[in-house]
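Engineer: Residue numbers (my numbering), protein chains in the order written: chain A, 1 to 350; chain B, 1001 to 1350. Pasting a structure below so you can have a look.
2 protein chains.
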Amino acid sequence: MTQFIGTSDLGALVRRIGIENFLVGLATYIEADFRHWESFEKSARLASHSRDGVIELMPASDGQLYAMKYVNGHPGNTREGKLTVTAFGVLADVRTGYPLLVSEMTLLTALRTAAVSALAARTLAAQHPHTLALIGTGAQAEFQALAFKALLHIHEVRLFDTDPEALDKACRNLAGSGLAVRRCASVAEAVRGADIVTTATATKARVHVLTPDLIEPGMHLNAIGGDCPGKTELHPDIVARASVFVEFEPQTRIEGEIQQMPPDFPVTELWRVLAGTATGRRSASEVTIFDSVGFAVEDFSALRFVRDLDRSEGHDIDLLPELDDPKDLFSLMLPPMPVPAIAREEMLSS
Amino acid sequence: MTQFIGTSDLGALVRRIGIENFLVGLATYIEADFRHWESFEKSARLASHSRDGVIELMPASDGQLYAMKYVNGHPGNTREGKLTVTAFGVLADVRTGYPLLVSEMTLLTALRTAAVSALAARTLAAQHPHTLALIGTGAQAEFQALAFKALLHIHEVRLFDTDPEALDKACRNLAGSGLAVRRCASVAEAVRGADIVTTATATKARVHVLTPDLIEPGMHLNAIGGDCPGKTELHPDIVARASVFVEFEPQTRIEGEIQQMPPDFPVTELWRVLAGTATGRRSASEVTIFDSVGFAVEDFSALRFVRDLDRSEGHDIDLLPELDDPKDLFSLMLPPMPVPAIAREEMLSS
């Protein structure tokens, strides 16, 4: 049987374990997979574009497990109360090709994005960061705040969004989180004196959410909103002066902040820093950028983590037939055999 | 909510409707989709090869619906009582990107393969065929026999397999089908005088299941076992002298019987015959071949057909979140709100 984890199952699972514990565990899995990055089969996404959006399939395999994420992006969905981006995923056994797990991934992607952000910041930020500025308080905001609290022991989060309702929502959801939450009136107010800045804004254009005058020495910028062609958040001069780290360079060149830069602009893949083959931050004063667009290996890690958790949430689904004789597929078309009375009694008493 | 149809659901659905009715309905959907073939976005499969097998993703979209099939091929699986090929699929709404249906497709692929075979034969075979020879009585055999009975009103089926147990299984499963079933001792005995010959053998090599001496004028050959590089069933002289019809030429050149032929060997895509823009059979005496390898549009049709059926089988799964505020994904991490007493009473009484 194949395991199924729906959205309510995943919500219940995270609540039972505790979201911060979940994020820490997830980051551990992502880090482990990033450290053996070269053993992964990495393909381009398979995208189907239409007038209203895109449907993408994102596979990744390390030769033992195979993961596939289905993800859509439909900006107009919010007009009818639907989500712009939803996702689900499948984890399979490479040796047999059998799916092991089908899971919702709308929530799981939000969790893994936050875990990757915090993992990158723990690797790249200056020591002992205290304050996170969060520019853009949409669906990702609270996950970011809690991942930075759990992995980097951030004390304070400063929030800004151009939409006051989104700002209210994030402040409300983070009340009681143990973080000092500051509602800011501008990007500048949020960023001033912050150790780490996450940009997670929604505008589908090349905008300058951050400008060079706002950037202080030693800051770590976690740029996650610029994640598709034509969508960036950082002024190019910020990027030009910083050390830039990416997930998978060929993909980030097209989708990330560095789409603004020349094709030979130097970047370092994060996995190399984690594996010890590349240098991360070089000085306390340099500005580091994690130019994150999301990558299939992170989804692989997230599905692997959920599968390994000791849990009661979820249930089995019969996605595949179980046959005594693999050549007798047709037997599934025949009426189920009546269970003999003796066997039935055994089943009831066992 | 997303609909889920498991293997037992699909079995129950087919039994309730009747397998022949199901095959006829499915063929109608496939024919309709083949007739507007040019409106489909057709991609290459996205394959992940490993030592033991392959996992493939097969997407297709007509601009309104999007279908994706996950299918594995692992020949060694039978050693541990598992199937060589299993599959499941997803049907989604292109406008929103939301998945509508997740379905098992191991059974459904067997059904659609048989429906396509019979549809092609109804289009290409000489008039009033009476007898089907089935060479290879593995997992596909009974589906073939019943599809040809339902769509072409075949009276007699002649069965041959090198594995006597597989032959017994097919004879047993087809007893009571209304077909005259003849167990044959050789390929030649099965093929002699048959109007249509289906080859569905398993050997992963270039073998000659059929040789030119066995072929009679006017026969229609339905070659479905030769479906991957290095695996063919027909002697090349048979192919050279016949009119050959395929699903999607670029794929069949690599996977089908015509991988034995020069790259410019003429073939006709079946959809053109169904759409009336190409000629099928030209005379009562010519030999026609449907060189079938399976194509994503057929899986699209199968999922669309199952979705449209009036049925009680299957159940809803919460693969995607439902949110009042699409920016408040985090609300799913919070404990469920207790239902106020008055609302609870209303829910109970409604």
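Note that beta-carbon positions come from the ideal geometry of N, C-alpha and C, so glycine has one too. Keep in mind it's a predicted model, so treat the numbers as computed, not measured.
Which whole-angstrom value is the C-beta distance of B:I1289 and B:L1221, which I expect to be below 8 Å?
Structural biologist: Looking up residue 1289 of chain B in the second sequence gives position 289. Looking up residue 1221 of chain B in the second sequence gives position 221. Between B:L1221 and B:I1289 the Cβ distance is about 5 Å, and since that is below 8 Å, they are a contact.
Engineer: Quick one: does A:E269 have its CB under 7 Å from some CB of chain B?
Structural biologist: Here residue 269 of chain A corresponds to residue number 269 of the first sequence, with the count starting at 1. Not an interface residue.
Engineer: For the region 56–78 of chain A, enumerate the residues whose C-beta is nearer than 8 Å to any C-beta of chain B, in chain order.
Structural biologist: So the close ones are L57, P59, S61, G63, Y66, M68, Y70, N72, G73, H74, N77 and T78.
Engineer: Report the three-state DSSP secondary structure of B:S1186 (helix, strand or coil).
Structural biologist: As a working mapping, residue 1186 of chain B is identified with position 186 in the second sequence. Note: B:S1186 maps to coil in three-state DSSP.
Engineer: For the region 154–176 of chain A, which residues have a CB atom closer than 7 Å to at least one CB atom of chain B, in sequence order?
Structural biologist: Residues passing the 7 Å Cβ filter: A166, K169 and N173.
Engineer: Within 8 Å, do at least three Cβ pairs link the region 1163–1177 of chain B to the region 1249–1259 of chain B?
Structural biologist: Touching, no, given that fewer than three Cβ pairs across the two stretches are closer than 8 Å.
Engineer: For A:A296, which residues in the same chain have their Cβ closer than 6 Å to its Cβ, ignoring the five residues on either side in sequence?
Structural biologist: Residue mapping note: residue 296 of chain A aligns to position 296 of the first sequence, counting from 1. Here the set comprises M58 and A60.
Engineer: Quick one: is A:P129 buried, meaning 16 or more other Cβ sit within 10 Å of its Cβ, or exposed?
Structural biologist: Counting from one through the first sequence, the residue named residue 129 of chain A turns up at place 129. Burial call: buried.
Engineer: Return the bridge partner residues of B:D1163 from the DSSP annotation.
Structural biologist: Working through the second sequence from its first residue, we reach residue 1163 of chain B at position 163. Paired residues: none, contrary to the question.
Engineer: For the putative contact between A:I258 and A:V244, defined by C-beta atoms under 8 Å, what is the C-beta separation to the nearest angstrom?
Structural biologist: One-based indexing of the first sequence puts residue 258 of chain A at position 258. One-based indexing of the first sequence puts residue 244 of chain A at position 244. Right, their Cβ atoms sit about 6 Å apart.
Engineer: Buried or exposed, going by whether 16 or more other CB atoms sit within 10 Å of the CB of B:Q962?
Structural biologist: No statement about residue 962 of chain B is possible, as the shown extent of chain B runs from 1001 to 1350 and does not include it.
Engineer: Output, in chain order, the set of chain B residues within a Cβ distance shorter than 8 Å of A:P335.
Structural biologist: Numbered from its first residue, the first sequence carries residue 335 of chain A at position 335. The answer, in chain order, is R1015.
Engineer: Between which two residues does the alpha helix (DSSP H) carrying B:L1179 extend?
Structural biologist: Locating residue 1179 of chain B in the second sequence gives position 179, counting from the first residue. That residue, B:L1179, is in no alpha helix (DSSP H); it is neither H nor E in DSSP.
Engineer: Residues of chain A with a CB under 7 Å from the CB of B:G1230: which are they?
Structural biologist: For the purposes of this step, residue 1230 of chain B is taken as residue 230 along the second sequence, with counting starting at 1. What B:G1230 touches in chain A: nothing, since even the nearest Cβ is about 19 Å away.
Engineer: Mind checking the region 103–117 of chain A against chain B and listing, in chain order, the residues whose C-beta falls within less than 8 Å of any C-beta there?
Structural biologist: So the list reads E104, T106, L107 and A110, given in the order they occur along the chain.
Engineer: For a test of the three-state rule: what should DSSP assign to A:Y66, helix, strand or coil?
Structural biologist: On the first sequence, position 66 is the one that residue 66 of chain A refers to. Of the three classes helix, strand and coil, the one that applies to A:Y66 here is strand, per DSSP.
Engineer: Taking the C-alpha atoms as reference points, what is the distance between A:G280 and A:P212?
Structural biologist: Translated into positions along the first sequence, residue 280 of chain A becomes position 280. Translated into positions along the first sequence, residue 212 of chain A becomes position 212. One C-alpha to the other measures close to 22 Å.
Engineer: Using a Cβ-Cβ distance under 7 Å, would A:S357 count as near chain B?
Structural biologist: Since the first residue shown for chain A is 1 and the last is 350, residue 357 of chain A is missing from the structure and cannot be characterised.
Engineer: Within the same chain, show all residues whose beta-carbon is closer than 6 Å to that of A:S8, passing over the 5 residues directly before and after it, in chain order.
Structural biologist: Taking the first sequence and counting its residues from 1, the one referred to as residue 8 of chain A is at position 8. Excluding positions up to five away in sequence, the list is empty.
Engineer: Tell me the rounded alpha-carbon separation between B:A1133 and B:S1285.
Structural biologist: As a working note, residue 1133 of chain B is residue 133 in the second sequence. As a working note, residue 1285 of chain B is residue 285 in the second sequence. Near 18 Å, if we compare the C-alpha coordinates of B:S1285 and B:A1133.
Engineer: Can you give me the C-alpha to C-alpha distance between A:A75 and A:H315, rounded to a whole angstrom?
Structural biologist: Here residue 75 of chain A corresponds to residue number 75 of the first sequence, with the count starting at 1. Here residue 315 of chain A corresponds to residue number 315 of the first sequence, with the count starting at 1. According to the sequence provided, residue 75 of chain A is Pro. The question's Ala does not apply to it. The alpha-carbon atoms of A:P75 and A:H315 are separated by roughly 32 Å.
Engineer: Tell whether a beta-carbon distance below 7 Å holds between B:A1115 and B:A1027.
Structural biologist: Counting from 1 along the second sequence, the entry for residue 1115 of chain B is found at position 115. Counting from 1 along the second sequence, the entry for residue 1027 of chain B is found at position 27. A contact, by the Cβ cut-off of 7 Å.
Engineer: Where A:A87 and B:P1099 are concerned, what is the direct C-alpha to C-alpha distance, given to the nearest angstrom?
Structural biologist: Here residue 87 of chain A corresponds to residue number 87 of the first sequence, with the count starting at 1. Here residue 1099 of chain B corresponds to residue number 99 of the second sequence, with the count starting at 1. Roughly 9 Å separates the two Cα atoms.
Engineer: Could you round the C-beta distance between B:D1093 and B:L1119 to whole angstroms and report it? I think they count as a contact, below 8 Å.
Structural biologist: Locating residue 1093 of chain B in the second sequence gives position 93, counting from the first residue. Locating residue 1119 of chain B in the second sequence gives position 119, counting from the first residue. Going by Cβ atoms, the distance from B:D1093 to B:L1119 rounds to 27 Å, so no, they are not a contact pair.
Engineer: Check the Cβ of B:P1326 against every Cβ in chain A and list those closer than 9 Å, keeping chain order.
Structural biologist: Here residue 1326 of chain B refers to the residue found at position 326 when the second sequence is read from its first residue. Residues of chain A passing the Cβ test: N77, T78, G81, K82, L83, T84, G138 and A139.
Engineer: Note down, in chain order, each residue of its chain lying with its Cβ closer than 8 Å to the Cβ of B:P1266, except the 5 sequence neighbours on either side.
Structural biologist: Looking up residue 1266 of chain B in the second sequence gives position 266. Closer than 8 Å at Cβ, skipping near neighbours: V1244.
Engineer: In the DSSP assignment, what residue or residues form a beta bridge with B:N1272?
Structural biologist: What you label residue 1272 of chain B is simply residue 272 of the second sequence in a count that begins at 1. What sits at residue 1272 of chain B in the sequence shown is Arg, not Asn. Looking at the DSSP assignment, B:R1272 forms no beta bridge with any residue, so it has no partner.
Engineer: Can you tell me where the alpha helix (DSSP H) with B:E1142 in it begins and where it stops?
Structural biologist: One-based indexing of the second sequence puts residue 1142 of chain B at position 142. Its alpha helix (DSSP H) spans residues A1141 to L1152.
Engineer: Using a cut-off of 7 Å between C-beta atoms, extract the partners of B:R1095 located in chain A.
Structural biologist: In the second sequence, residue 1095 of chain B corresponds to position 95, counting from 1. Simply D52.
Engineer: Counting only the same chain and skipping the five closest in sequence on each side, list residues whose C-beta sits under 7 Å from that of A:S350.
Structural biologist: Taking the first sequence and counting its residues from 1, one reaches residue 350 of chain A at position 350. For A:S350, the predicted model reports a pLDDT of 45, less than 50, meaning its position is unreliable and no value from the coordinates is stated.
Engineer: Can you list the residues of chain A that B:T946 reaches, using a CB-CB cut of under 9 Å?
Structural biologist: Because chain B in this structure spans residues 1001 to 1350, residue 946 of chain B falls outside the shown range and cannot be described.
Engineer: Taking DSSP as the reference, what is the three-state secondary structure of A:V102?
Structural biologist: Taking the first sequence and counting its residues from 1, the one referred to as residue 102 of chain A is at position 102. In this structure, A:V102 counts as strand in the three-state DSSP scheme.
Engineer: Could you name the residues of the same chain whose beta carbon sits closer than 8 Å to that of A:A110, not counting the 5 residues immediately before and after it, in chain order?
Structural biologist: Taking the first sequence and counting its residues from 1, one reaches residue 110 of chain A at position 110. Only A139, Q140 and F143 meet the Cβ criterion.
Engineer: Restricting to runs no shorter than 3 residues, where is the beta strand (DSSP E) found entirely within the region 1201–1267 of chain B?
Structural biologist: Listed in chain order, they are 1206–1210, 1220–1223, 1232–1234 and 1243–1246.
Engineer: Mind checking whether the beta-carbon of B:A1175 lies closer than 6 Å to any heavy atom of the ligand HEM?
Structural biologist: This structure simply doesn't include the ligand HEM, nor any ligand for that matter.
Engineer: Counting Cβ pairs, one atom from each stretch, are 3 or more of them under 8 Å apart for the region 188–197 of chain A and the region 154–161 of chain A?
Structural biologist: Touching, yes, given that three or more Cβ pairs across the two stretches are closer than 8 Å.
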